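Student: Next up is a structure, given as structure tokens.
Numbering (my numbering), first residue to last: 35 to 215.
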């Protein structure tokens, strides 16, 4: 029985991992035992003894994280609860927004070529907010910030969204797709 401990984790670990529910038992991220056994054996560990197999089983079942997940910043609100400054974002980063139109006029008048980054013209305010919320949900760890403001990046709907989050207000103050001028 003890020789099959890592493989028990492989077969029954599916209960603890959302990845396996989506892709089935053969999906990447569901092979708890075999992949680690192969790696450990290749690196010189004795994978046949009890001292190896019991901790491996516990680690596989209780510490495994679905593939693609990243550590979150624990002092930030969840993606469903975060407030978004939608009026400011629409005004400055949507095609019909007043701030965006002013930027276009300024660039044309001054002869420059740098427009503000904007969302797709056919996106509604609700779609923009949903895109921002999903990008926040899957954002990596916070990037460089300015005191209470934190810059973050995430991907949603094929757009890389850069966001400025205000920790004092628990608010995404602005968010824009990077490189869409």
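C-beta atoms are modelled at their ideal positions from N, C-alpha and C, and glycine is treated no differently. In this text, all values refer to a predicted model and were calculated from it rather than measured experimentally.
Please confirm whether residue 113 and residue 167 have their CB atoms less than 9 Å apart.
Tutor: Taking the chain shown and counting its residues from 1, one reaches residue 113 at position 79. Taking the chain shown and counting its residues from 1, one reaches residue 167 at position 133. Going by C-beta atoms, residue 113 is nearer than 9 Å to residue 167.
Student: What is the rounded straight-line gap between the Cα of residue 56 and the Cα of residue 161?
Tutor: Residue 56 sits at position 22 when you count from the first residue of the chain shown. Residue 161 sits at position 127 when you count from the first residue of the chain shown. The predicted position of residue 56 is uncertain, since its pLDDT is 49 and thus under 50; no value can be drawn from it.
Student: Measuring straight from C-alpha to C-alpha, what distance separates residue 117 and residue 127?
Tutor: For this step, residue 117 is matched to residue 83 along the chain shown. For this step, residue 127 is matched to residue 93 along the chain shown. Spanning the two alpha carbons is a distance of roughly 18 Å.
Student: What does a CB cutoff of less than 6 Å around residue 102 pick up in its chain, not counting 5 residues either side in sequence?
Tutor: Translated into the one-based positions of the chain shown, residue 102 becomes position 68. Its pLDDT being 48, under 50, residue 102 is placed unreliably in this model, and the value from its coordinates should be taken loosely. Nothing listed; no residue qualifies.
Student: Note down the Cα distance separating residue 171 from residue 155, rounded to an integer number of angstroms.
Tutor: Locating residue 171 in the chain shown gives position 137, where the first residue counts as 1. Locating residue 155 in the chain shown gives position 121, where the first residue counts as 1. Their Cα atoms are separated by approximately 23 Å.
Student: In three-state DSSP terms, what is residue 55?
Tutor: Here residue 55 is taken as the residue at index 21 of the chain shown, counted from 1. Legend: pLDDT at residue 55 = 48, less than 50; position of this residue unreliable, value from coordinates given subsequently. Residue 55 falls in the helix class under three-state DSSP.
Student: Classify residue 151: buried if its beta carbon has 16 or more other beta carbons within 10 angstroms, exposed otherwise.
Tutor: Numbered from its first residue, the chain shown carries residue 151 at position 117. Looking at its Cβ environment, which holds 16 or more other Cβ atoms inside 10 Å, residue 151 is buried.
Student: What are the complete alpha helix (DSSP H) segments, minimum 4 residues, inside the stretch 106-171?
Tutor: Counting whole runs of 4 or more residues, the stretch 106-171 contains the alpha helix (DSSP H) stretches 120-127, 132-144 and 159-171.
Student: For residue 185, report the span of its beta strand (DSSP E) as first-last.
Tutor: Against the chain shown, residue 185 aligns to sequence position 151. Looking at the DSSP string, the run of the beta strand (DSSP E) that includes residue 185 is 183-190.
Student: Under 9 Å between C-beta atoms, does residue 124 make it to chain D?
Tutor: Here there is only one protein chain, and chain D is not present.
Student: Since residue 111 contacts residue 204 with CB under 8 Å, what's their CB separation in whole angstroms?
Tutor: Counted from its first residue, the chain shown places residue 111 at position 77. Counted from its first residue, the chain shown places residue 204 at position 170. Between residue 204 and residue 111 the Cβ distance is about 5 Å, and since that is below 8 Å, they are a contact.
Student: Determine the direct distance from the alpha carbon of residue 169 to that of residue 194, and round the result to whole angstroms.
Tutor: For the purposes of this step, residue 194 is identified with residue 160 of the chain shown, where counting begins at 1. For the purposes of this step, residue 169 is identified with residue 135 of the chain shown, where counting begins at 1. Roughly 8 Å separates the two Cα atoms.
Student: Report buried or exposed for residue 131, applying the criterion of at least 16 other Cβ atoms within 10 angstroms of its Cβ.
Tutor: The residue labelled residue 131 in the question sits at position 97 within the chain shown. Buried: at least 16 other Cβ atoms inside 10 Å.
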